[in-house]
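Undergrad:
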Amino acid sequence: MSGAESAPRPATLGDTWMRFWFTPAPVRPLAIVRILTGILGLLLAWSYADDLQTWFGPAGMIPRDVAAEWRPRFGVSLYDAATTSASVTAWFAATVIAFSCLVVGLGSRLAAVAGAVLWASLLHRGPMLAGPADDCLSVLLWCLAAGPCGGDLSLDRLLAARAGREWPAATPWAGVALGLLQVHASAIALAAVLAQLKGDAWWNGTAAWWLASRAGAVDLRGAYLGSEYLMNLVSHAIVAFEILFAVGIWFTATRQTVAAIGLVAWPLIGVLAGEPLWGAAMAIFAVAARFPKWPQVLK
Amino acid sequence: MARAAQNATPRSPATEPGEAVRAGVTVALVAYLVGLVLAIATNSLSGSSALLGTVKSRIFSPFLVPAWLDLGYDHRFTYGLDEDADHELEIVPHGGDGEPLQLPGAVSGERAARWRRLARTIAVGGLDGDGSPVAAGVGRGGFARLGTTDVDLRVFRLPQPERTAVADTAAEQVYAARIRRVADDVQLIREEPRGEVAPLVRRPSPAAAEGSP
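Taken in sequence, the protein lines are chains Y and G. Note that my numbering has the first sequence beginning at 1, numbered continuously upward. Note that my numbering has the second sequence beginning at 1001, numbered continuously upward.
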């Protein structure tokens, strides 16, 4: 047999597409993302809990007509039908239950869909309250809904095992969900970099100073007063890491290393920027990218 | 060890999606990814082109917006501009009598961040207009808490001193309005910054004054 005859056919775009999206992937990474997303959802929901009636109650500070006027066309909220304090509380409780179900893995996929719908409804009820972590949570929930997120580390699996059923260790749908997480991780990091590089502060290295001035951020202004280079280094390092992450997770050689760095770097950036839950959300995307998606790891 | 071995037993094989399912999912993925790119391109701070905006709003917004996925993810955090500073709200009974409602006040974390976003929305406005409708709603919500139907709402921008000139500076009032209920109507009377209603007129120089008829 000649070498020419045995040479593999070069992969076409279609082959690459099919391999990326439909190669069976392990369900465990998705299960870990599910648990972390549920915890993040509970933390973000907690930030609404004390002011829920103050904002959305019948005599709240964000009346339904104001919210409806503020949200974009096609925006809808289940809370629009909530005209009493009890009904507002009921919708919110349903959201918390959905996130709790994600944490323990009970009715996981349904919980992901319900959580995504209820979370979007809550954000549409008060769009002016939403922040970057809320956006990322929404994406995470929809990505989880695309795959068998309850296939591992879950009550779903436990109950199925008792009933004599077993979950597959790897499925193409887990591949779809993990692929979506990877695409969004890269897109969000890239969009953040593009937005930052429109401002002088990220070019002249003073962004870290302005970040440190914000409430909720770690106040490192004392250190920055002592060293301008440190301030510049932090500013540039944030941008450099975001570029590295957006690009690096697409190459087999760098993917796991970049994702591992992301597990530490994203929370750190979140703390420096005064958006710790956004940093946590980005770290969850890094968790998804940390695990190889390809089936050979199962062997 | 036995338990570990038991856990390692092969589980049921994954069901492979058929050609038709894969084709359907591919179409859905391509449609969504195009929508994602358009959402990022049209939700940028630089604005959106008419073409991309129209394509997105007609084809993709009906499913992206309700799902809270029509997002630009343009998390810049700061440009060091005034509008990037923290904002806070204060609501007091009109006339100044009574305890002011200060928000976020003593709370911290994401809960406080939501109040700051609300205050900033009132001061800076959104893409489609100013924040007065939001201010009217917030003021209306303050009626019950302050036990009155006539309140003054103010938004303060906290100082953001430059590195080269650190100094204690006071918070700047960037929005003020009186909100009251008259019969069943809620009225908002905005207090315009003095500079806007009474622009400074430069005093003519003596030479120009002499030369004038």
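Every residue gets a Cβ at the ideal spot worked out from N, C-alpha and C, and that includes glycine.
Tell me the rounded alpha-carbon separation between G:Val1021 and Y:Gly14.
TA: Along the second sequence, read from residue 1 onward, the residue named residue 1021 of chain G stands at position 21. Along the first sequence, read from residue 1 onward, the residue named residue 14 of chain Y stands at position 14. So the alpha carbons of these two residues sit roughly 16 Å apart.
Undergrad: In chain order, what residues of the same chain have a beta carbon less than 6 Å from the beta carbon of G:Glu1083, not counting five sequence neighbours either side?
TA: Within the second sequence, the letter at position 83 stands for residue 1083 of chain G. Contacts found: Val1124.
Undergrad: According to DSSP, is G:Glu1083 part of a helix, a strand, or is it coil?
TA: Locating residue 1083 of chain G in the second sequence gives position 83, counting from the first residue. The answer is helix: DSSP assigns G:Glu1083 an H, G or I state.
Undergrad: Can you tell me the Cα-Cα spacing of Y:Ala160 and Y:Cys149, whole angstroms?
TA: As a working mapping, residue 160 of chain Y is identified with position 160 in the first sequence. As a working mapping, residue 149 of chain Y is identified with position 149 in the first sequence. In a straight line, the C-alpha of Y:Ala160 is about 14 Å away from that of Y:Cys149.
Undergrad: Return the CA-CA distance between Y:Pro26 and Y:Ala169, expressed in angstroms with no decimal places.
TA: Locating residue 26 of chain Y in the first sequence gives position 26, counting from the first residue. Locating residue 169 of chain Y in the first sequence gives position 169, counting from the first residue. The alpha-carbon atoms of Y:Pro26 and Y:Ala169 are separated by roughly 6 Å.
Undergrad: Under 9 Å between the Cβ atoms of G:Arg1190 and G:Gln1173?
TA: Stepping through the second sequence from its first residue, residue 1190 of chain G is reached at position 190. Stepping through the second sequence from its first residue, residue 1173 of chain G is reached at position 173. No, these two residues do not count as a Cβ contact at 9 Å.
Undergrad: Check whether the stretch 198-218 of chain Y and the stretch 165-179 of chain Y are in contact - that is, three or more C-beta pairs closer than 8 Å.
TA: No: the two stretches stay apart, fewer than three of their Cβ pairs being nearer than 8 Å.
Undergrad: Any C-beta of chain G within less than 7 Å: which residues of the stretch 65-98 of chain Y qualify?
TA: The stretch 65-98 of chain Y vs chain G, Cβ under 7 Å: Val66, Glu69, Trp70, Pro72, Arg73, Phe74, Gly75 and Val76.
Undergrad: Using a Cβ-Cβ cut-off of less than 9 Å, list which residues of the stretch 1053-1076 of chain G approach chain Y; keep chain order.
TA: Here the close residues are Ser1057, Ser1061, Pro1062, Phe1063, Leu1064, Val1065, Pro1066, Ala1067, Trp1068, Leu1069, Asp1070, Leu1071, Gly1072, Tyr1073, Asp1074, His1075 and Arg1076.
Undergrad: When you compare only the Cα positions, how much space is there between Y:Ala189 and Y:Ala116?
TA: Position 189 of the first sequence, counted from the start, is the residue given in the question as residue 189 of chain Y. Position 116 of the first sequence, counted from the start, is the residue given in the question as residue 116 of chain Y. Going by the C-alpha atoms only, they are around 21 Å apart.
Undergrad: What does the Cβ neighbour count give for G:Phe1156, buried or exposed, with the cut at 16 atoms within 10 Å?
TA: What you label residue 1156 of chain G is simply residue 156 of the second sequence in a count that begins at 1. By the 10 Å Cβ count, G:Phe1156 comes out buried.
Undergrad: Taking C-beta pairs closer than 8 Å, name the residues in chain G that Y:Ile313 reaches, listed in chain order.
TA: Given that chain Y is displayed from residue 1 to residue 299, the structure contains no residue 313 of chain Y and the question cannot be resolved.
Undergrad: Am I right that Y:Gly274 and Y:Leu211 are in contact with their C-beta atoms under 8 Å? What's the rounded C-beta distance?
TA: Residue mapping note: residue 274 of chain Y aligns to position 274 of the first sequence, counting from 1. Residue mapping note: residue 211 of chain Y aligns to position 211 of the first sequence, counting from 1. Rounded, the Cβ-Cβ distance is 7 Å, consistent with contact.
Undergrad: Three-state secondary structure (DSSP) at Y:Ile261?
TA: Position 261 of the first sequence, counted from the start, is the residue given in the question as residue 261 of chain Y. In the structure shown, Y:Ile261 sits in a helix (DSSP, three-state: H, G or I).
Undergrad: Quick one: Cα of G:Ala1085 to Cα of Y:Ala237, how far?
TA: Start at 1 with the first residue of the second sequence, and residue 1085 of chain G comes out as number 85. Start at 1 with the first residue of the first sequence, and residue 237 of chain Y comes out as number 237. Between G:Ala1085 and Y:Ala237, the C-alpha separation is close to 22 Å.
Undergrad: Chain G partners of Y:Trp250, CB-CB under 8 Å?
TA: Taking the first residue of the first sequence as position 1, residue 250 of chain Y is located at position 250. The contacting residues do not exist; Y:Trp250 stays about 14 Å from chain G at best.
Undergrad: Quick check on DSSP: helix, strand or coil for Y:Asp15?
TA: By one-based count along the first sequence, residue 15 of chain Y stands at place 15. In the structure shown, Y:Asp15 sits in a helix (DSSP, three-state: H, G or I).
Undergrad: Cβ closer than 9 Å: which chain G residues qualify as neighbours of Y:Pro26?
TA: In the first sequence, residue 26 of chain Y corresponds to position 26, counting from 1. Those do not exist, as Y:Pro26 stays about 10 Å from chain G at its closest Cβ, beyond 9 Å.
Undergrad: From the beta carbon of G:Gln1173, is the nearest beta carbon of chain Y less than 9 Å away?
TA: If you number the second sequence from 1, residue 1173 of chain G lands on position 173. Not one chain Y Cβ lies under 9 Å of G:Gln1173.
Undergrad: Pick out whichever of G:Ala1171, G:Arg1180 and G:Lys1056 has its Cα sitting closest to the Cα of G:Gly1137.
TA: By 1-based counting over the second sequence, the position of residue 1137 of chain G is 137. Cα-wise, what sits closest to G:Gly1137 is G:Arg1180.
Undergrad: Please identify, using Cβ separations under 9 Å, the residues of the stretch 1107-1122 of chain G that lie next to chain Y, in order along the chain.
TA: Of all residues in the stretch 1107-1122 of chain G, Val1107, Ser1108, Gly1109, Glu1110, Arg1111, Ala1112, Ala1113, Arg1114, Trp1115, Arg1116, Arg1117, Leu1118, Arg1120, Thr1121 and Ile1122 have a Cβ within less than 9 Å of some Cβ in chain Y.
Undergrad: Please go through the stretch 1064-1149 of chain G and give each complete alpha helix (DSSP H) segment of 4 or more residues, from N-terminal end onward.
TA: If we require 4 residues or more, the alpha helix (DSSP H) runs fully inside the stretch 1064-1149 of chain G come out as 1109-1124 and 1132-1146.
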